[in-house]
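Chemist: Numbering (the UniProt record's numbering), first residue to last: 1 to 349.
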């Protein structure tokens with residue numbers, strides 16, 4: 001598969017047979033398995049809508065084949081085709097990205113009866129907006145079956161899983177516990193290991209960690225150390241129960257007057273404004289402060305939007321160094337990958 005390319009060029013990731021087998025094994029452990037046994041009377045079914053050029057589309061196919069589940073594939077994935085499939089097919093589980101959760105939550109054509117058999121919706125790839133989870137849960141008649149997972153292509157898919165069966169249960173904002181045979185730790189910039197509720201870079205080690213980047217030894221050595229620890233480039237922390245919370249990408253952090261600002265925090269606030277439907281925040285150079293946040297937004301009513309009001313709305317909810325001193329730009333759409341991840345590099349070009 002290929003990396004997502006959200007902060008730089010796409011890289012080809014070398015995975016071994018052992019990597020794939022290890023990741024498939026994660027999903028057979030009772031605490032993490034989200035499907036039912038297949039027999040003559042019952043067969044689980046899921047929509048294979050995520051691209052197989054990415055691990056989030058590839059690995060579910062292997063897992064579901066090993067369970068005897070039926071995969072419904074699409075010759076071309078569009079919003080309308082997916083919505084039609086949901087209306088006409090009784091899916092039992094699916095794997096989505098946050099942008100698809102937002103779409104399902106906002107589409108009036110999707111009714112509770114279309115999701116009646118849905119036992120689990122696993123979501124990964126980007127931060128998940130709690131408001132969209134709440135709205136979609138209401139469509140599921142209050143049945144909580146939306147679970148966030150954490151992983152990356154270099155880790156052969158998911159490494160942390162949120163399910164109702166794990167110790168501590170489902171925690172809002174958490175990606176759950178690490179899978180079998182998976183080690184993780186949090187380190188600061190000096191390489192020191194941090195404890196619970198201390199934020200730093202997430203490192204992973206296990207049988208599912210990739211072999212390297214194809215024909216790119218330099219990138220491999222900067223990501224994978226001699227002891228097998230993978231620097232994910234993600235920032236997060238774990239709580240007293242070992243549940244992982246992911247904050248942002250290390251490369252995406254905006255450095256304002258020595259402070260580190262996570263753009264995802266400001267984006268979530270912008271999306272909570274009644275006039276904003278989507279947002280992207282990047283750092284731009286500033287003579288005095290080094291960098292400052294700049295926002296690109298999609299508005300619900302472009303002709304009547306008040307940018308000053310939106311700036312003040314954000315300022316009322318964050319510390320001064322997180323204010324949008326780079327300004328706000330109204331745009332028709334926010335650049336995203338096929339998986340719905342924000343393409344921040346497009347905002348700085």
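Backbone N, C-alpha and C define an ideal beta-carbon position, used for all residues, glycine too.
Specify the secondary structure class of residue 148 as computed by DSSP and reduced to three states.
Modeler: Along the chain shown, one-based indexing puts residue 148 at 148. In the structure shown, residue 148 sits in a strand (DSSP, three-state: E or B).
Chemist: Taking the runs of the beta strand (DSSP E) that are 3 residues or longer, which of them lie wholly in the region 83-161?
Modeler: The qualifying runs are 93-96, 120-123, 146-152, 157-161.
Chemist: Determine the extent of the beta strand (DSSP E) in which residue 248 is found, giving its start and end residues.
Modeler: To locate residue 248, count along the chain shown from 1; it is residue 248. Unbroken beta strand (DSSP E) run through residue 248: 244-249.
Chemist: For the beta strand (DSSP E) containing residue 231, list its first residue and its last residue.
Modeler: Stepping through the chain shown from its first residue, residue 231 is reached at position 231. Residue 231 -> beta strand (DSSP E) spans 230-238.
Chemist: Measure from the alpha carbon of residue 63 to the alpha carbon of each residue in 21, 85, 88, then state which is nearest.
Modeler: Taking the chain shown and counting its residues from 1, the one referred to as residue 63 is at position 63. It is 21 whose Cα lies nearest to the Cα of residue 63.
Chemist: Examine the Cβ distances between the region 215-225 and the region 243-259 and report whether three or more of them are shorter than 8 Å.
Modeler: At 8 Å Cβ cutoff, the stretches do not touch.
Chemist: Should residue 78 be labelled buried (16 or more other beta-carbon atoms within 10 Å of its own) or exposed?
Modeler: To locate residue 78, count along the chain shown from 1; it is residue 78. Per the 10 Å Cβ criterion, exposed.
Chemist: Can you find the residues in the same chain that come closer than 8 Å, C-beta to C-beta, to residue 352, ignoring five residues on each side of it along the sequence?
Modeler: The requested residue 352 does not occur in the structure, where the chain is confined to residues 1 to 349.
Chemist: Enumerated in chain order, which unbroken segments of the beta strand (DSSP E) with a length of 3 residues or greater are wholly contained in the region 274-321?
Modeler: Listed in chain order, the complete beta strand (DSSP E) runs (minimum 3 residues) inside the region 274-321 are 276-286, 290-299.
Chemist: List the endpoints of the continuous alpha helix (DSSP H) containing residue 265.
Modeler: The sequence position of residue 265 within the chain shown is 265, counting from 1. Taken as a continuous stretch (DSSP letters only), the alpha helix (DSSP H) holding residue 265 covers 263-271.
Chemist: With DSSP collapsed to three states, give me the class of residue 192.
Modeler: Within the chain shown, numbered from 1, the residue matching residue 192 stands at position 192. Note: residue 192 maps to coil in three-state DSSP.
Chemist: Determine the burial state of residue 288: buried for a count of at least 16 other Cβ atoms within 10 Å of its Cβ, exposed for fewer.
Modeler: Residue mapping note: residue 288 aligns to position 288 of the chain shown, counting from 1. Classification for residue 288: exposed.
Chemist: Reducing DSSP to helix, strand and coil, say where residue 338 ends up.
Modeler: In the chain shown, counting from the first residue as 1, residue 338 sits at position 338. Looking at residue 338 - three-state DSSP - the assignment turns out to be coil, as it is neither helix nor strand.
Chemist: Go ahead and pull the three-state DSSP assignment for residue 81.
Modeler: What you label residue 81 is simply residue 81 of the chain shown in a count that begins at 1. DSSP places residue 81 in helix when its eight states are reduced to three.
Chemist: DSSP beta-bridge partners for residue 256?
Modeler: Against the chain shown, residue 256 aligns to sequence position 256. Paired residue(s): 259, 290.
Chemist: Residue range of the alpha helix (DSSP H) that residue 204 falls in?
Modeler: Numbered from its first residue, the chain shown carries residue 204 at position 204. From DSSP, residue 204 is part of no alpha helix (DSSP H) but of the beta strand (DSSP E) over 200-206.
Chemist: Got a sec? Which residues, its chain only, sit under 6 Å from residue 241 by beta carbon, not counting five neighbours each side?
Modeler: Locating residue 241 in the chain shown gives position 241, where the first residue counts as 1. 168.
Chemist: Put residue 327 into one of helix, strand or coil per three-state DSSP.
Modeler: On the chain shown, position 327 is the one that residue 327 refers to. Residue 327: coil per DSSP, three-state reduction.
Chemist: Just how far apart, CA to CA, sit residue 44 and residue 91?
Modeler: Here residue 44 corresponds to residue number 44 of the chain shown, with the count starting at 1. Here residue 91 corresponds to residue number 91 of the chain shown, with the count starting at 1. For residue 44 and residue 91, the distance between alpha carbons rounds to 7 Å.
Chemist: If you run the structure through DSSP and keep just helix, strand and coil, what is residue 35?
Modeler: Sequence index remark: in the chain shown, residue 35 carries index 35 (1-based). Coil at residue 35, not helix or strand.
Chemist: Among residues of its own chain, excluding the 5 on either side of residue 317, which ones have a beta-carbon nearer than 8 Å to its beta-carbon?
Modeler: On the chain shown, residue 317 is found 317 positions in, with the first residue counted as 1. If we look at residue 317 and ignore the five residues flanking it on each side, its Cβ neighbours are 269.
Chemist: Could you give the C-beta distance for residue 32 and residue 142, rounded to a whole number, given that I count them as a contact under 8 Å?
Modeler: Within the chain shown, numbered from 1, the residue matching residue 32 stands at position 32. Within the chain shown, numbered from 1, the residue matching residue 142 stands at position 142. Not quite, the Cβ-Cβ distance comes to about 24 Å (not below 8 Å), so this is no contact.
Chemist: Taking 8 Å as the limit between beta carbons, can you name the residues of its chain near residue 14, skipping five residues before and five after?
Modeler: Numbered from 1 along the chain shown, position 14 holds the residue referred to as residue 14. Cβ within range, chain order: 210, 211, 212, 213, 214.
Chemist: In whole angstroms, what separates the C-alpha of residue 155 from that of residue 83?
Modeler: Position 155 of the chain shown, counting from 1, holds the residue named residue 155. Position 83 of the chain shown, counting from 1, holds the residue named residue 83. Going by the C-alpha atoms only, they are around 31 Å apart.
Chemist: Whole-angstrom Cβ separation of residue 186 and residue 243, contact assumed at under 8 Å?
Modeler: Numbered from its first residue, the chain shown carries residue 186 at position 186. Numbered from its first residue, the chain shown carries residue 243 at position 243. That pair is no contact at about 13 Å.
Chemist: Could you check the C-alpha separation between residue 303 and residue 312 for me, to the nearest Å?
Modeler: Here the question's residue 303 lines up with position 303 in the chain shown. Here the question's residue 312 lines up with position 312 in the chain shown. Straight-line Cα distance between these residues: approximately 19 Å.
Chemist: Alpha carbon to alpha carbon, what distance is there between residue 88 and residue 263?
Modeler: Residue 263 sits at position 263 when you count from the first residue of the chain shown. Residue 88 sits at position 88 when you count from the first residue of the chain shown. Approximately 39 Å between the Cα atoms of the pair.
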